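S.K.: Sequence lines, in order, name chains R and E. Using my numbering, you'd call the opening residue of the first sequence number 7 and step up by one each time. Using my numbering, you'd call the opening residue of the second sequence number 442 and step up by one each time. All C-beta atoms in this analysis are idealised placements derived from N, C-alpha and C, irrespective of residue type, glycine included. Note that this is a predicted model, so its numbers are computed, not measured.
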Amino acid sequence: EDKVVQSPLSLVVHEGDTVTLNCSYEVTNFRSLLWYKQEKKAPTFLFMLTSSGIEKKSGRLSSILDKKELFSILNITATQTGDSAVYLCAVDPLQGAQKLVFGQGTRLTINP
Amino acid sequence: GAGVSQSPSNKVTEKGKDVELRCDPISGHTALYWYRQRLGQGLEFLIYFQGNSAPDKSGLPSDRFSAERTGESVSTLTIQRTQQEDSAVYLCASSPSGFTDTQYFGPGTRLTVL
Numbered sequence: 007e008d009k010v011v012q013s014p015l016s017l018v019v020h021e022g023d024t025v026t027l028n029c030s031y032e033v034t035n036f037r038s039l040l041w042y043k044q045e046k047k048a049p050t051f052l053f054m055l056t057s058s059g060i061e062k063k064s065g066r067l068s069s070i071l072d073k074k075e076l077f078s079i080l081n082i083t084a085t086q087t088g089d090s091a092v093y094l095c096a097v098d099p100l101q102g103a104q105k106l107v108f109g110q111g112t113r114l115t116i117n118p
Numbered sequence: 442g443a444g445v446s447q448s449p450s451n452k453v454t455e456k457g458k459d460v461e462l463r464c465d466p467i468s469g470h471t472a473l474y475w476y477r478q479r480l481g482q483g484l485e486f487l488i489y490f491q492g493n494s495a496p497d498k499s500g501l502p503s504d505r506f507s508a509e510r511t512g513e514s515v516s517t518l519t520i521q522r523t524q525q526e527d528s529a530v531y532l533c534a535s536s537p538s539g540f541t542d543t544q545y546f547g548p549g550t551r552l553t554v555l
């Protein structure tokens, strides 16, 4: 069974800190790994990763994929209170349609 | 432009009643997905529509769940004889053509079954 595991499940830090969120996966086939930010209900897209070792960056957020070790990390530097959200990792297991398999999410809280 | 919209935003129903949840995808998006998110959990895939092809229903948890989509427009997810375990947020997403495209999510419908 395809599985995505995120850690930690919950993280509380102070504004300005740097955080690293982890995502490991076990899938029969792999097409891509995606990161989403979920603040209230609608997840919003952050990154799609398909190749190992190539960092994707957007402002203070960056992510990298290791297809050999089957994991990805999401880094957020100089955190702000607006970064508080649940961060979801999902894998596209290459089953025709993009039927994403999601992890449980990491709830990140940034305190001022 | 308009994003994915869903209605209602919240629905409270009694056990045993039927409910219908609606999703309006982004105009021009041919692929539409339904997911379920239970409290504190990740999203679970339910069903996928691509254009006029037969839907992929492999994620539907039971025969009480069904969904329809007319062409490339609105979709309705129906849950018959609701049970308390159906309580969750139901999220809809659309993408331009499925497969490798980014999915854009709606705000979801929070369903509470009493």
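Suppose you measure from the CA of R/L80 to the CA of R/L67; what does that come to, to the nearest Å?
M.R.: Near 7 angstroms, if we compare the C-alpha coordinates of R/L67 and R/L80.
S.K.: E/Q482 CB to nearest chain R CB: under 8 angstroms?
M.R.: So yes, E/Q482 belongs to the interface.
S.K.: Would you say R/K43 lies against chain E (beta-carbon separation less than 8 angstroms)?
M.R.: No, because no Cβ of chain E sits closer than 8 angstroms to the Cβ of R/K43.
S.K.: Quick one: grab the DSSP three-state call for E/D497.
M.R.: E/D497 falls in the strand class under three-state DSSP.
S.K.: Using a Cβ-Cβ distance cut-off of 8 angstroms, determine whether E/T543 contacts chain R.
M.R.: Yes, E/T543 counts as interfacial toward chain R.
S.K.: Pick helix, strand or coil for R/E21, following the three-state DSSP scheme.
M.R.: Three-state DSSP puts R/E21 in coil, outside helix and strand.
S.K.: Could you give the first and the last residue of the continuous beta strand (DSSP E) run that contains E/E509?
M.R.: Run containing E/E509: 506-510, per the beta strand (DSSP E) assignment.
S.K.: Give me whichever residues DSSP pairs with R/I70 in a beta bridge.
M.R.: Per DSSP, R/I79.
S.K.: Looking at the secondary structure, which residues open and close the beta strand (DSSP E) in which R/Q44 lies?
M.R.: Looking at the DSSP string, the run of the beta strand (DSSP E) that includes R/Q44 is 38-44.
S.K.: Output yes or no for whether 8 angstroms exceeds the beta carbon distance between E/K452 and E/L555.
M.R.: Contact flag unset, no.
S.K.: Considering only residues of the same chain and omitting the five flanking positions on each side of E/Q521, which have a CB-CB separation below 7 angstroms?
M.R.: Same-chain partners within the cutoff: D459, R505.
S.K.: Would you say E/D527 reaches chain R, if we count a Cβ-Cβ gap shorter than 8 angstroms as a contact?
M.R.: No, its Cβ sits nowhere closer than 8 angstroms to a Cβ of chain R.
S.K.: Any beta-carbon of chain E closer than 8 angstroms to the one on R/A91?
M.R.: It does not: the Cβ of R/A91 has no partner Cβ on chain E nearer than 8 angstroms.
S.K.: Output the boundary residues of the beta strand (DSSP E) element that contains E/T519.
M.R.: That run of the beta strand (DSSP E) goes 516-520.
S.K.: In this structure, how does DSSP classify R/E32 when only helix, strand and coil are distinguished?
M.R.: It is a strand residue.
S.K.: Grab me the residues of E/G492's own chain with a C-beta within less than 7 angstroms of its C-beta, minus the 5 sequence neighbours each way, in chain order.
M.R.: T471, E513, listed in sequence order.
S.K.: Residues of chain R with CB closer than 9 angstroms to the CB of E/D465, please, in chain order.
M.R.: The premise fails here: E/D465 is roughly 13 angstroms from chain R at the closest Cβ pair, so nothing lies under 9 angstroms.
S.K.: Report the partner residues of E/Q478 according to the DSSP bridge assignment.
M.R.: Beta-bridge pairing links E/Q478 to E/L484, E/V530.
S.K.: Quick one: Cα of E/P548 to Cα of E/T517, how far?
M.R.: Whole-angstrom Cα-Cα distance: 15 angstroms.
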